[in-house]
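Undergrad: Numbered per mature numbering (1 follows the signal peptide of the UniProt record, and there is no 0), the sequence shown spans residues -24 to -1, 1 to 291.
Glycine residues also receive a C-beta, built at the ideal position from the N, C-alpha and C atoms.
Being a predicted model, the structure only gives us computed values, none of them experimental.
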Amino acid sequence: MKRALTLALAALLTVTAAPAPASAAADPLGSTNGFLVDPDSVPNTWVKANPSDSRAATIKAQIGNYPIAKWFTNSSGSIGTTVGAYVGRGANAAKLPILVAYNLPGRDACGGQSSGGAGSDAAYRTWIAAFADSIGTRPAIVIIEPDAFGDYSCMTAAQITARNALLNFAANQFATRSTNTWAYLDAGNAGWVAPATMATYLRNAGVATLRGFAVNVSNYYTTTSSITYANNVNAALGTAKPFVIDTSRNGNGSNGVWCNPAGRKLGTHPQLGGGAEMLLWIKTVGTSDGLCGTAPTTPAGTFTPDLAMHLISGT
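1. Taking 8 angstroms as the cut-off, does the stretch 211 to 225 touch the stretch 257 to 266 (at least 3 CB pairs, one atom from each stretch)?
2. For arginine 179, which three-state DSSP category applies?
3. How would you label asparagine 148, buried or exposed, when you count the other beta carbons within 10 angstroms and need 16 or more for buried?
4. Pull up the CB-CB distance for leucine 283 and threonine 270, whole angstroms please, since I reckon it's below 8 angstroms.
5. Kindly identify the DSSP beta-bridge partner or partners of lysine 241.
6. Near alanine 146, what residues of its chain come up, given a Cβ to Cβ distance below 6 angstroms and the 5 sequence neighbours on each side ignored?
7. May I ask whether a heavy atom of the ligand NAP can be found less than 7 angstroms away from the beta carbon of arginine 187?
8. Quick one: give me the first and last residue of the beta strand (DSSP E) that alanine 116 is part of.
9. Can you tell me whether tyrosine 160 is helix, strand or coil according to DSSP?
10. When you compare each of Leu75, Arg83, Thr280 and Ala37 to lysine 46 by their alpha carbons, which one comes out closest?
11. What did DSSP end up calling threonine 273 once you bin it into helix, strand or coil?
12. When the distance is taken between beta carbons, is aspartate 97 closer than 8 angstroms to alanine 138?
13. Quick one: what's got a C-beta closer than 8 angstroms to methionine 131's C-beta in the same chain, skipping five residues either side?
14. For my contact list, threonine 58 and serine 52 are in at a C-beta cut-off of 8 angstroms; report their separation, rounded to the angstrom.
15. Looking at the structure shown, is serine -2 part of a helix, part of a strand, or coil, going by DSSP?
16. What is the DSSP secondary structure of glycine 126, reduced to helix, strand or coil?
17. Pull up the DSSP beta-bridge partners for cysteine 268, would you.
18. Strictly by DSSP, which residues pair up with glutamine 247?
19. Measure how close the beta-carbons of glycine 243 and threonine 199 come, nearest whole angstrom, since I'm counting them as under 8 angstroms.
20. To which residues of the same chain is arginine 153 closer than 8 angstroms at the C-beta, ignoring the five residues directly before and after it?
21. Here's a check: name, in chain order, each residue in its chain whose Cβ is nearer than 6 angstroms to the Cβ of serine 90, leaving out the five neighbours to either side.
22. At the level of alpha carbons, what is the spacing between alanine -3 and proline 281?
23. Write down the C-beta distance between asparagine 208 and proline 171 rounded to the nearest angstrom, noting that I regard them as a contact closer than 8 angstroms.
24. Using only alpha-carbon positions, find the residue among Met254, Pro27, Phe219 and Ser30 that is nearest to proline 43.
25. Since asparagine 195 contacts asparagine 165 with CB under 8 angstroms, what's their CB separation in whole angstroms?
26. Between the Cα of proline 272 and the Cα atoms of Cys235, His245, Ala252 and Asn41, which residue gives the shortest distance?
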């Protein structure tokens, strides 16, 4: 019966192949020793380019020396080459790389600050298949498409159906092509979508195929509130899935503002456990959320030392 329902859902969402079950043999933790710290991360690149800046040493010590997820988008060049090189760097060092796939067509439909993505559904399928294929059997953690579900209130029914089809396709690619990867669908945050609704979104997008889901990506909700939210999502799912939490900027919690709010702070350093499967720095620390808040002239995704220092000091 479960197999029949899965096939029926796949047909409804126009996915060309039925989702494969997540590999029980996958264990990227077992073949690595800690997370990969990227010497060429965005904060570290700024530090290297500005060695005489009085803020450089502090940014290096408080941000650059910790593992931060690397984001891959339509502007990342040949995706197979860039992802393959990054995962290879982790494999060579026996460290676990954390990657973010962020390229859905019509991305960030509600916020608009990070709009863009692949030019078509077909282009996205090609892109995400190459992303997964280039990881292969090497260990990795992948966060799939932040903002994907939070956008649904700003999309038509036809657009939602099309996006679900792409997310199912992405889930299938990581399940079948990246056999030593734990992949997590982004599940918004504690202040965005009700847990029962999010559970439906996750179910319709193929979360059963994957390791689990991620919460609080690029947001500020405390770890405690994020754990509560994720547990409520799991209760609505019925079959609990592991989850990870983005703690990169949640040290002072949320004040209800999502776009460069003042007074936020770095959260708990990346680690295993902590109330979730992992606490991770998924947002690139020190990069702007968009033309708003404390960085009204800094486009989304752009690093500024001022933002980084405010997160370090919590002011």
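TA: Let me lay it out:
1. yes
2. Position 203 of the sequence shown, counted from the first residue, corresponds to residue 179. Here arginine 179 sits in helix by DSSP.
3. Looking up residue 148 in the sequence shown gives position 172. Its Cβ being crowded by 16 or more others within 10 Å, asparagine 148 is buried.
4. As a working note, residue 283 is residue 307 in the sequence shown. As a working note, residue 270 is residue 294 in the sequence shown. The pair is a contact, with the Cβ atoms about 7 angstroms apart (cut-off 8 angstroms).
5. By 1-based counting over the sequence shown, the position of residue 241 is 265. Under the DSSP definition of a beta bridge, lysine 241 partners with Asn226.
6. For the purposes of this step, residue 146 is taken as the residue at position 170 of the sequence shown. These residues qualify, in order along the chain: Ile104 and Ile120.
7. In terms of ligand content, the structure shown is empty, and the ligand NAP therefore cannot be addressed.
8. Here the question's residue 116 lines up with position 140 in the sequence shown. In the DSSP assignment, alanine 116 falls within the beta strand (DSSP E) that extends over 116 to 120.
9. The residue labelled residue 160 in the question sits at position 184 within the sequence shown. For tyrosine 160, the secondary structure class from DSSP, reduced to helix, strand or coil, is strand.
10. Within the sequence shown, numbered from 1, the residue matching residue 46 stands at position 70. The residue with the shortest Cα to Cα distance from lysine 46 is Leu75.
11. For this step, residue 273 is matched to residue 297 along the sequence shown. DSSP places threonine 273 in coil when its eight states are reduced to three.
12. Here residue 138 is taken as the residue at index 162 of the sequence shown, counted from 1. Here residue 97 is taken as the residue at index 121 of the sequence shown, counted from 1. For the 8 angstroms CB-CB criterion, alanine 138 and aspartate 97 form a contact.
13. Here residue 131 refers to the residue found at position 155 when the sequence shown is read from its first residue. Cβ within range, chain order: Gly82, Ala85 and Arg139.
14. Start at 1 with the first residue of the sequence shown, and residue 58 comes out as number 82. Start at 1 with the first residue of the sequence shown, and residue 52 comes out as number 76. That belief holds up - the Cβ atoms of threonine 58 and serine 52 are roughly 5 angstroms apart, short of 8 angstroms.
15. Position 23 of the sequence shown, counting from 1, holds the residue named residue -2. Any reading at serine -2 must be qualified, since the residue scores a pLDDT of 43, below 50, and its modelled position is unreliable; the value itself is stated next. Looking at serine -2 - three-state DSSP - the assignment turns out to be coil, as it is neither helix nor strand.
16. If you number the sequence shown from 1, residue 126 lands on position 150. Of the three classes helix, strand and coil, the one that applies to glycine 126 here is helix, per DSSP.
17. Your numbering for residue 268 matches position 292 in the sequence shown. Looking at the DSSP assignment, cysteine 268 forms a beta bridge with Ala271.
18. The residue given as residue 247 occupies position 271 in the sequence shown. Partner(s): Leu255.
19. Counted from its first residue, the sequence shown places residue 243 at position 267. Counted from its first residue, the sequence shown places residue 199 at position 223. Sure, about 7 angstroms apart at Cβ, within 8 angstroms.
20. In the sequence shown, counting from the first residue as 1, residue 153 sits at position 177. Excluding sequence neighbours, arginine 153 sits near Ala105, Ala108, Asp109, Ile111 and Gly112.
21. As a working note, residue 90 is residue 114 in the sequence shown. Closer than 6 angstroms at Cβ, skipping near neighbours: Asp84 and Ala276.
22. Taking the sequence shown and counting its residues from 1, one reaches residue -3 at position 22. Taking the sequence shown and counting its residues from 1, one reaches residue 281 at position 305. Residue confidence is low: alanine -3 scores 46 on pLDDT, short of 50, so the model does not pin down where it sits. No coordinate-derived value is stated.
23. Here residue 208 refers to the residue found at position 232 of the sequence shown. Here residue 171 refers to the residue found at position 195 of the sequence shown. Asparagine 208 to proline 171, Cβ: 4 angstroms. Contact.
24. If you number the sequence shown from 1, residue 43 lands on position 67. With distances taken between Cα atoms, proline 43 lies closest to Met254.
25. Counting from one through the sequence shown, the residue named residue 195 turns up at place 219. Counting from one through the sequence shown, the residue named residue 165 turns up at place 189. With a Cβ gap of about 4 angstroms, asparagine 195 and asparagine 165 count as contacting.
26. Residue mapping note: residue 272 aligns to position 296 of the sequence shown, counting from 1. Out of Cys235, His245, Ala252 and Asn41, Cys235 has the C-alpha closest to the C-alpha of proline 272.
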